[in-house]
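A.B. asks: Sharing a structure with you now.
Numbering (the working numbering), first residue to last: 39 to 208.
As structure tokens, then:
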């Protein structure tokens with residue numbers, strides 16, 4: 039018996055030594071990695087975006103872009119704008135798809151979860167409409183990967199409202 043304990047102790051020491059040498063990913067890497075997976079659920083044929091709302095390093099809501107619940111998916115022809123050859127950034131008011139940021143905020147509200155003071159991680163910077171929702175919902179920080187092609191106004195508005203904005207990776 040005593041020998042087994044010694045083997046267990048050596049194994050534990052080896053595991054701890056190895057773990058100390060392995061690089062540990064940052065929280066930003068972790069949440070952006072998860073956002074990348076969530077984006078795969080999106081059903082918009084024009085763009086796949088995801089948003090994750092995090093408070094105290096815990097995910098409290100996720101969202102991806104696509105048509106409203108209970109309607110025909112974008113990829114199956116549910117959104118006439120996305121099914122057309124319209125130029126990117128035009129006729130956005132005709133798009134039936136909800137944005138990832140919008141859906142993540144809706145999911146939190148649907149389940150009675152406050153997002154006040156939380157961080158929103160997104161695979162894309164928010165559009166102006168989502169920016170207004172983010173500000174009014176009380177989100178304190180936005181971390182995004184790619185820039186939305188419609189200009190810098192939304193990011194400026196977030197900063198003006200006191201929301202911490204960071205591009206990932208820094």
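Where is the CB? At the ideal position from N, CA and C, for every residue including glycine.
#1: Beta-carbon within less than 8 Å of residue 199's beta-carbon, same chain only, minus the 5 sequence neighbours each way: which residues are those?
#2: For residue 156, count neighbouring C-beta atoms within 10 Å of its own C-beta (all shown protein chains included) and say buried if the count is 16 or more, exposed if not.
#3: Span of the alpha helix (DSSP H) holding residue 119?
#4: Do the CB positions of residue 163 and residue 192 come within less than 8 Å of each other?
#5: Could you check if residue 151 is buried or exposed, using at least 16 other CB atoms within 10 Å of its CB as the buried criterion?
#6: For the candidate residues 96, 88, 181, 81, whose alpha-carbon lies nearest to that of residue 133?
#7: I'd like the ranges of any alpha helix (DSSP H) spanning at least 4 consecutive residues and lying wholly in the stretch 135-165.
C.D. replies: So, from the data block:
#1: Non-local beta-carbon contacts of residue 199 in its own chain, meaning distances under 8 Å to residues more than five positions away in sequence, involve 173 in chain order.
#2: Burial check for residue 156: the Cβ neighbour count within 10 Å reaches 16 or more, so the residue is buried.
#3: Start and end: 118-121.
#4: Against a cut-off of 8 Å, the Cβ pair of residue 192 and residue 163 comes out as a contact.
#5: Residue environment: residue 151 is assigned as exposed (fewer than 16 neighbouring CB atoms within 10 Å of its CB, all protein chains considered).
#6: Among 96, 88, 181, 81, the Cα nearest to that of residue 133 belongs to 81.
#7: Counting whole runs of 4 or more residues, the stretch 135-165 contains the alpha helix (DSSP H) stretches 138-148.
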